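Asks: Have a look at this one before I ask anything.
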Amino acid sequence: MAQPLAKKDDDRDEEVDYSPFLGIEKGAVLQEARVFNDPQLDPQRCSQVITKLLYLLNQGEALTKVEATEVFFSVTKLFQSKDIGLRRMVYVMIKELSSSADEVIMVTSSLMKDMTSKTDMYRANAIRVLCRITDGTLLTQIERYLKQAIVDKNPVVASAALVSGIHLLQTNPEIVKRWSNEVQEAVQSRAALVQFHALALLHQIRQNDRLAVNKLVSSLTRGSVRSPLAQCLLIRYTSQVIRESANNTQTGDRPFYDFLEGCLRHKAEMVIFEAARAITELNGVTSRELTPAITVLQLFLSSSKPVLRFAAVRTLNKVAMTHPTAVTNCNIDMEGLISDQNRSIATLAITTLLKTGNESSVDRLMKQITNFMSDIADEFKIVVVEAIRSLCLKFPLKHRSLMNFLSNILREEGGFEYKKAIVDSIVILIRDIPEAKETGLLHLCEFIEDCEFTYLSAQILHFLGIEGPKTSDPSKYIRYIYNRVHLENATVRAGAVSTLAKFGAMVDGLKPRIFVLLRRCLFDTDDEVRDRATLYLNTLGGDGAVVETGADVKEFLFGSLDIPLVNLENSLKNYEPSEKPFDINYVPKEVKSQPLSEKKAPGKKPTGLGAPPPGPPSTVDAYEKLLSSIPEFANFGKLFKSSAPVELTEAETEYAVNVVKHIFDGHVVFQYNCTNTIPEQLLENVTVIVDASEAEEFAEVASKPLRSLPYDSPGQTFVAFEKPEGVPAFGKFSNMLRFMVKEVDPSTGEAEDDGVEDEYQLEDLEVVASDYILKVGVSNFRNAWESMGADFERVDEYGLGPRDSLAEAVNAVIDLLGMQPCEGTEAVPPNSRSHTCLLSGVYIGNVKVLVRLQFGLDGPKDVAMKLAVRSEDETVSDAIHEIVASG
Amino acid sequence: MELCPSIKNILLLDSEGKRVAVKYYSDDWPTNSAKEAFERAVFTKTQKTNARTEAEITMFDNYIVVYKFVQDLHFFVTGGEDENEIILSTVLQGFFDAVGLLLRGNEDKNEALENLDLILLCLDEVVDGGVILETDANVIAGKVDSHNMDAGAPLSEQTITQALATAREHLTRSLLQ
């Protein structure tokens, strides 16, 4: 070897850097690997070379496919050697190479020999390696041995077979499922780990059979599971059974609760903790059920082991969100943890305290936190800031000390995310606690005097423009704003100009001063800043006379853009310069709902300043283009809404058809998207015959057939109806697909000349109320609600009857109304007994509608709902109530 | 929640955050650079803490990491955010103690590198594809150093003394003659 041991005696400096692998290099080691092919094997040397190869792989060096395959084949030669140490290394090496080398299956016979060896170590390892490289056919050959191994008297062999079974279940479930008798026997093993592995495999085999899992849990919770790990598994399976059976048992004692509670007295800490956590996570857990779990977690809080303290405080933190009073007993222990060496534990303790604390303890707590804030990382600080924000909303009287705290930490060093969290919190407090407004705004003003983040400065200036003019003395903010015009970059300067204009528009007394300031901005170096100044001077009448600001100017300055930015961007891109100016009213307003996979993590708090999340590029534009290109529909006017596709056929039928409902002011167009899934057929002259006898207000006016529908290339056919203008009309339509079918020769792809008329029954289609409502979000529901006013407010209460859960009821109503949930209120926290959901939308005729839904559980399952609607038109408010009443 | 406890990775780094031996069991880090970035993050986050007498714990990026240091060796075990912390620390302790037994109490980087074969076998015996294989340090060490084992005797019945004896035996056979 290149690095003799003697080196160790060299001077100290070198010893620090000494490594047996110093300077080794892939090419050289691959050369060395030739010793595997020697007729006279030297086991020691071979072991060393394998170690070197593994070292290289471990350091991230990659072997090419050719290299890996070559090494793999020479390694298999080493099965000749009887040296146990070398054999162990060979097994590890094969596992490392199995994914990158070709033809790994070649080693099977050697492994199968080891698998039947008398040496336990060989059997155990050969099984693990073999299962890593095996395929279905090979597996059936070795199945017999694996079944034997599962019940082998040596626990290592049994575990190896069981764990391999767990992995194989992913790829060859049907084979592994045949082993359940052996696995069941292994569950009774005296060896702890065998029991654990057997239980894990048995459950995975049966996981789709609820009854079998139920039986497994019932028998094992009574019996004797010895291994702590297996006991943890059993606790998890038990909570799963409890969760799934919760729907059937109305009242009375929870099944298996006694088992979970009994586990709290287990001797192994991991089992105690697993059980405590399982209890806290039970659906609708009662305080009586919680108490014993909280008690053991409280004991963990004063453990000497950081892992136990962390586990306990993290679980209690979660409990505090739903059952703050249950955790108050632990408050003294928690306060002790604020000074914990481990900052993760300290942060969790503080945020828990903030959730459970009462009004009198706030000040004391804040003092402790101030010391603590300086020595934790930003990510922890953000958690604390969010906790303080919710505390302040809970105890508005304490706003002074909490706001002070926020402004103090705002002045300290910190990254963007942290500063943003603080600013967002202050903004939310200003909005929700009127007394905090003036101090809060001044804190923000001071912050932008010395703020390095353009984004935050611009956001704060915007917010100042809205809230500042409404304060008792708006003039004191002007200085702060105008300073920005002098000292900042162009983005912030432009923002400051807009803010100045807003003060000018709202406060007549300030107008002359604002005009002077705006006129100075006309000489700015940046064109955006100059343009804005010019625009505002003109709209506000800055030519000298101080006039009352008109309502349309205010709307222009303060009104929210009720069009999704993506839609506006798309429309602007599609706009071709012509005589006709671009009309913002033609931009589609529909927010396309995001696919589930893209949904943000639930529970994410809406930020204070943010606009509603931009939707993905909408297909509304595409539909509009398509429809306007068809002459028959060109004069229908502006497309109001296109529904999501509704399937009219079962999956995997001969012809797949779905329909999109396009709603116009006085018309409805059904777009049938058809796909022919039979390669031997060509469809021609495809139409849909619509029977509108159950839709009295609709009259068919046009139909556009599809000339030809070859295999697997979708096409569309349209049917248009006339309906009463500007008002919703409902109805049910039955559909029949009619076409000419021609046989196609699959080899040539040519169709025969003669065809046969045929029909195909489709499912019915309904035009419902939600088709007439657009999903249009608002950025600040509270503001929108208040500015809408109570003139056309309609409030009523409804009983929704028994429901599976509150969330299910909320979703049902959202779907029924087809409106856009605002501020994340569509998400219902688990275990809550009541929920408020905010919806907004635009009703046909371009009428804005806002809905506030308050849900409450009435009895064990019954859901009651209070529905408040505000809109610009009382008939629309009534219409919304009608939808709910009839839905 | 994942029903079977699973381990995302086990890391053994030196006092500068460089790899001694690592093993990943999850696809969360598909490339070597992703792995290295994770190791760097874990290392910088835990570097200043004192995890020498008791195992420490931290949470970041939705992972839970338990760790323990001895001399210039840093041991880490990572699990998902819903994992039972105590199970993770049991795995860490098993691995940590087994390495201690195999290196006969001389736990430092040089010793670990010189006996890298034992460390790699040790990793191999602790977790298989994310599933916990064994948590008892004596059993793990016994399985790794099985050269002089009685082929018929069940591995789990080895005592500490036996395990230590076999470990000592191993020393006489120098890896690098």
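Protein chains in written order, with our numbering: chain B, 1 to 887; chain R, 1001 to 1177. Cβ coordinates follow ideal geometry from the N, Cα and C atoms, glycine included. All figures in this text were calculated on a predicted structure; none of them were measured in a lab.
On the three-state DSSP scale, how would you describe Leu1013(R)?
Replies: By one-based count along the second sequence, residue 1013(R) stands at place 13. The answer is strand: DSSP assigns Leu1013(R) an E or B state.
Asks: Determine contact between the stretch 55–64 of chain B and the stretch 1020–1040 of chain R, defined as no fewer than three beta-carbon pairs at a distance below 8 Å.
Replies: Touching, yes, given that three or more Cβ pairs across the two stretches are closer than 8 Å.
Asks: With Ile338(B) as the anchor, note down where its beta strand (DSSP E) starts and where it stops.
Replies: Here residue 338(B) refers to the residue found at position 338 of the first sequence. Segment: none, Ile338(B) is in no beta strand (DSSP E) and carries neither H nor E.
Asks: Taking Cβ-Cβ distances shorter than 7 Å, what residues in chain R pair up with Tyr418(B)?
Replies: Translated into the one-based positions of the first sequence, residue 418(B) becomes position 418. Result: empty, since nearest Cβ-Cβ is about 16 Å, beyond 7 Å.
Asks: DSSP state of Gly1152(R), grouped into three classes?
Replies: Position 152 of the second sequence, counted from the start, is the residue given in the question as residue 1152(R). Because Gly1152(R) carries a pLDDT of 38, less than 50, the predicted location of this residue cannot be relied on, and no value is offered for it.
Asks: Under 7 Å Cβ to Cβ from Ser888(B), same chain only, skipping five residues before and after it: list those, please.
Replies: Outside the shown range of chain B, which is 1 to 887, sits residue 888(B), and nothing can be said about it.
Asks: Could you check where the alpha helix (DSSP H) with Asp531(B) kicks off and where it finishes?
Replies: For this step, residue 531(B) is matched to residue 531 along the first sequence. Note, Asp531(B): alpha helix (DSSP H), 527–539.
Asks: For the stretch 1111–1142 of chain R, which residues have a CB atom closer than 7 Å to at least one CB atom of chain B, in sequence order?
Replies: Taking 7 Å as the Cβ-Cβ cut-off against chain B, the residues of the stretch 1111–1142 of chain R that qualify are Leu1113, Glu1114, Leu1116, Asp1117, Leu1120, Leu1121, Asp1124, Asp1128, Gly1129, Val1131, Ile1132, Leu1133, Glu1134.
Asks: With His323(B) as the anchor, note down where its beta strand (DSSP E) starts and where it stops.
Replies: Taking the first residue of the first sequence as position 1, residue 323(B) is located at position 323. Element bounds for His323(B): n/a, residue is neither H nor E.
Asks: When the cut-off is 8 Å and only beta carbons count, does Pro1005(R) lie next to chain B?
Replies: Sequence index remark: in the second sequence, residue 1005(R) carries index 5 (1-based). Output row for Pro1005(R): interface = yes.
Asks: Do Leu301(B) and Cys330(B) have their CB atoms nearer than 8 Å?
Replies: Counting from one through the first sequence, the residue named residue 301(B) turns up at place 301. Counting from one through the first sequence, the residue named residue 330(B) turns up at place 330. Yes.
Asks: Rounded to a whole number of angstroms, what is the C-alpha to C-alpha distance between Glu624(B) and Phe453(B)?
Replies: Along the first sequence, read from residue 1 onward, the residue named residue 624(B) stands at position 624. Along the first sequence, read from residue 1 onward, the residue named residue 453(B) stands at position 453. Approximately 41 Å, taken between the alpha carbons.
Asks: For the alpha helix (DSSP H) containing Pro263(B), list its first residue and its last residue.
Replies: Within the first sequence, residue 263(B) is the residue found at index 263, counting from 1. Checking the displayed sequence, the identity of residue 263(B) turns out to be Cys instead of Pro. Per DSSP, Cys263(B) belongs to the alpha helix (DSSP H) from 257–263.
Asks: Pairing CB atoms from the stretch 411–418 of chain B with CB atoms from the stretch 373–385 of chain B, are three or more of them under 8 Å?
Replies: The stretch 411–418 of chain B is in contact with the stretch 373–385 of chain B.
Asks: Relative to the C-alpha of Arg484(B), which candidate in Leu510(B), Asp524(B), Gly509(B) has its C-alpha closest?
Replies: Locating residue 484(B) in the first sequence gives position 484, where the first residue counts as 1. Closest by alpha carbon: Asp524(B).
Asks: How would you write the range of the alpha helix (DSSP H) that Asn567(B) sits in, first residue to last?
Replies: Taking the first sequence and counting its residues from 1, one reaches residue 567(B) at position 567. Here the alpha helix (DSSP H) through Asn567(B) covers 565–574.
Asks: Count the C-beta pairs between the stretch 789–809 of chain B and the stretch 453–466 of chain B that are closer than 8 Å, then say yes if the count reaches three, no if not.
Replies: Contact fails: fewer than three Cβ-Cβ distances are below 8 Å.
Asks: Whole-angstrom Cβ separation of Ile1064(R) and Glu1085(R), contact assumed at under 8 Å?
Replies: Within the second sequence, the letter at position 64 stands for residue 1064(R). Within the second sequence, the letter at position 85 stands for residue 1085(R). About 6 Å separates the two Cβ atoms, so the contact holds.
Asks: Cβ atoms of Leu648(B) and Val660(B): under 8 Å apart, would you say?
Replies: On the first sequence, position 660 is the one that residue 660(B) refers to. On the first sequence, position 648 is the one that residue 648(B) refers to. No, Cβ-Cβ distance for Val660(B) and Leu648(B) is not below 8 Å.
Asks: Excluding five sequence neighbours on each side, which residues of the same chain lie with their C-beta closer than 6 Å to the C-beta of Pro710(B)?
Replies: In the first sequence, the residue the question calls residue 710(B) occupies position 710. Same-chain partners within the cutoff: Leu682.
Asks: With a threshold of 16 other CB atoms inside 10 Å of the CB of Val719(B), please say whether the residue is buried or exposed.
Replies: Against the first sequence, residue 719(B) aligns to sequence position 719. The residue is buried, with at least 16 neighbouring Cβ atoms inside 10 Å.
Asks: Under 8 Å, CB to CB, which of the residues in the stretch 1055–1066 of chain R have a partner in chain B?
Replies: So the list reads Ala1055, Glu1056, Ile1057, Thr1058, Met1059, Phe1060, Val1066, given in the order they occur along the chain.
Asks: Could you spell out where the beta strand (DSSP E) holding Glu797(B) opens and where it closes?
Replies: Walking along the first sequence from the start, residue 797(B) turns up at place 797. Its beta strand (DSSP E) spans residues 794–802.
Asks: Across which residues does DSSP place Gln716(B) in a beta bridge pair?
Replies: For the purposes of this step, residue 716(B) is taken as residue 716 along the first sequence, with counting starting at 1. Note: Gln716(B) sits in a beta bridge opposite Asn673(B).
Asks: Just confirm the distance between the C-beta atoms of Ala1021(R) and Leu1116(R), as a whole number of angstroms; I'd bet it's less than 8 Å.
Replies: What you label residue 1021(R) is simply residue 21 of the second sequence in a count that begins at 1. What you label residue 1116(R) is simply residue 116 of the second sequence in a count that begins at 1. So it is a contact: roughly 7 Å between Cβ atoms.
Asks: Would you give the residue range spanned by the beta strand (DSSP E) that Ile663(B) belongs to?
Replies: Within the first sequence, the letter at position 663 stands for residue 663(B). Start and end: 655–664.
Asks: Does DSSP put Gln80(B) in a helix, a strand or coil?
Replies: Looking up residue 80(B) in the first sequence gives position 80. Here Gln80(B) sits in helix by DSSP.
Asks: Run the CB neighbour count on Met819(B), radius 10 Å, all protein chains shown included, and call it buried at 16 or more, exposed below.
Replies: For the purposes of this step, residue 819(B) is taken as residue 819 along the first sequence, with counting starting at 1. Result: buried.
Asks: Does any CB atom of chain B fall closer than 8 Å to the CB of Glu1178(R)?
Replies: Within the shown structure, residues of chain R are numbered from 1001 to 1177, placing residue 1178(R) beyond reach of any answer.
Asks: Use the C-beta contact count for Ser840(B): other C-beta atoms within 10 angstroms, 16 or more gives buried, fewer gives exposed.
Replies: Numbered from 1 along the first sequence, position 840 holds the residue referred to as residue 840(B). That one is buried.
Asks: Could you tell me the alpha carbon to alpha carbon distance between Ser913(B) and Ile369(B), rounded to whole angstroms?
Replies: Given a span of 1 to 887 for chain B in the structure shown, any question on residue 913(B) remains unanswerable.
Asks: Under 7 Å, CB to CB, which of the residues in the stretch 53–73 of chain B have a partner in chain R?
Replies: The stretch 53–73 of chain B vs chain R, Cβ under 7 Å: Leu54, Tyr55, Asn58, Gln59, Gly60.
Asks: List in chain order: all unbroken beta strand (DSSP E) runs of 3+ residues lying wholly within the stretch 770–837 of chain B.
Replies: Fully enclosed beta strand (DSSP E) runs of 3 or longer: 773–775, 794–802.
Asks: Relative to the C-alpha of Asp862(B), which residue among Tyr798(B), Ala827(B), Leu202(B) is closest?
Replies: Counted from its first residue, the first sequence places residue 862(B) at position 862. Nearest of Tyr798(B), Ala827(B), Leu202(B) to Asp862(B), Cα basis: Tyr798(B).
Asks: At a CB distance below 8 Å, what residues from the stretch 299–327 of chain B approach chain R? Give them in sequence order.
Replies: Of all residues in the stretch 299–327 of chain B, Ser304, Lys305, Pro306, Val307, Leu308, Phe310, Ala311, Arg314 have a Cβ within less than 8 Å of some Cβ in chain R.
Asks: Residues in the same chain with beta-carbon distance under 7 Å from Asn37(B), minus the five sequence neighbours each way, listed in chain order, please.
Replies: Within the first sequence, residue 37(B) is the residue found at index 37, counting from 1. Excluding sequence neighbours, Asn37(B) sits near Ser74, Lys77.
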